[in-house]
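Counting from 1, position 105 in the sequence shown corresponds to residue 105 in the UniProt record's numbering; the numbering is continuous, with no gaps. Virtual Cβ for every residue (Gly too), placed ideally from N, Cα, C.
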Amino acid sequence: MIRLIFILALVTTHVSAQNLDGIIKFIKDNPKKASIVLIENSKEVLNFKGNQLMPLASAAKTIIAIEFSNQVVAKKIDANQSIAISDLSKYYIPFTDGGAHSAWLKSLQKKKADSVSLLQIAQGMIRFSSNANTEYLEDLLGLANISRNIRTLKLQQHSPYYYFTAGALMTCLKPDNLAESIWAKQLEAMPINEYIKRCETNHIKLKTDSTFIKTFSTVNLPLAVQKIWSDRLVASNATDYANIMHKINSRSYFKPAIQNIIDQIMEWPMVYPGNQVAFKHLGQLKKKS
């Protein structure tokens, strides 16, 4: 039995990923904020608003992981190359990732003066959802290369990639003589192309100016700007992402060498003994003897 389920939800209240009843209740209570697609044995058996375009949040990191795997196999990058943690820290925006980046470093027992491999960076992006790792890999791999996978994977609805983590720093670009409420309205009305350019400006400043991050404070990140940041994240739909996961799960869409790297990044839940007992690999249950 091969079963894949993909859910996109704009969660406004805390719902535990392990609490299926809570997820179902959220979807029932917020039908306009959720979509769900279920594929079973390569057949779509459930599609609830699967074509609804929504911000992807961390799901967008899946295609970055795929492009990472492509470039490793093409020998454009070396998965074992050591990268100084200080190079990643340039992109760390305090108090905006729920402690993900710190939790990843703690899991590796690494300190700020240490280094990690590129593969570990990609794994930290997926398993811990480190935004700093994401921003670093977007810079390394190239936004155009990442976005090219949208066409290669035959996705129907997907916005191009940009430095979306840097969107949290829009308050740093606010003119001094402008009220936050006015700035929020200007950001909301700003054409997406201009917004993306400003995010790139933030990214470059993070990369080249160590003092830039000191101008940022969560105290100065009003809810109105946070909502704009969230609403303008890279977007797609549940149908497209269910199909991406189906391609990964099939073990036949990607070349074996690429699939091997993808598995090293995406299959982290298989480290748990319970999952090893239940699954052949994620999404495919073991046959009962």
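*In three-state terms, what does DSSP make of M266?*
Collapsing the DSSP output to three states places M266 in a helix.
_Please report the distance separating the alpha-carbon of I121 from that of N133._
6 Å
_Nearest-angstrom Cα separation, counted from T218 out to S210_ = Roughly 18 Å separates the two Cα atoms.
*Going by C-alpha distance, which of C172, I66, K110 is nearest I244?*
I66
*Spatial neighbours of K174 within its chain, please: CB distance less than 6 Å, with the 5 preceding and 5 following residues excluded, ordered by chain position.*
W183
*asked:* Taking the beta carbon of D29 as the centre, do at least 16 other beta carbons fall within 10 Å, making it buried, or is it exposed?
replied: Exposed, because fewer than 16 other Cβ atoms sit within 10 Å of the Cβ of D29.
*So A100 and S129 are in contact, right, with Cβ under 8 Å, and what is the actual spacing, rounded?*
5 Å
*Closest by C-alpha distance to A189, when choosing among W229, Y161, S250*: W229
*Closest residue to Q71 among W268, A113, K247, K255 (Cα-Cα distance)*: K255
*Closest Cα partner of L118 within the set Q52, T215, K75, L155*: K75
*Evaluate the contact criterion for the stretch 90-100 versus the stretch 49-57: three or more CB pairs, one atom per stretch, below 8 Å.*
no
*Quick one: does N131 have its CB under 8 Å from some CB of chain B?*
Structure shown: chain B not included; a single protein chain is present.
*asked:* With distance defined between alpha-carbon atoms, name the residue in E200, R151, I258 nearest to Y91.
replied: E200
_Where Q259 falls, given that 16 or more other Cβ within 10 Å makes a residue buried_ = Buried is the call here.
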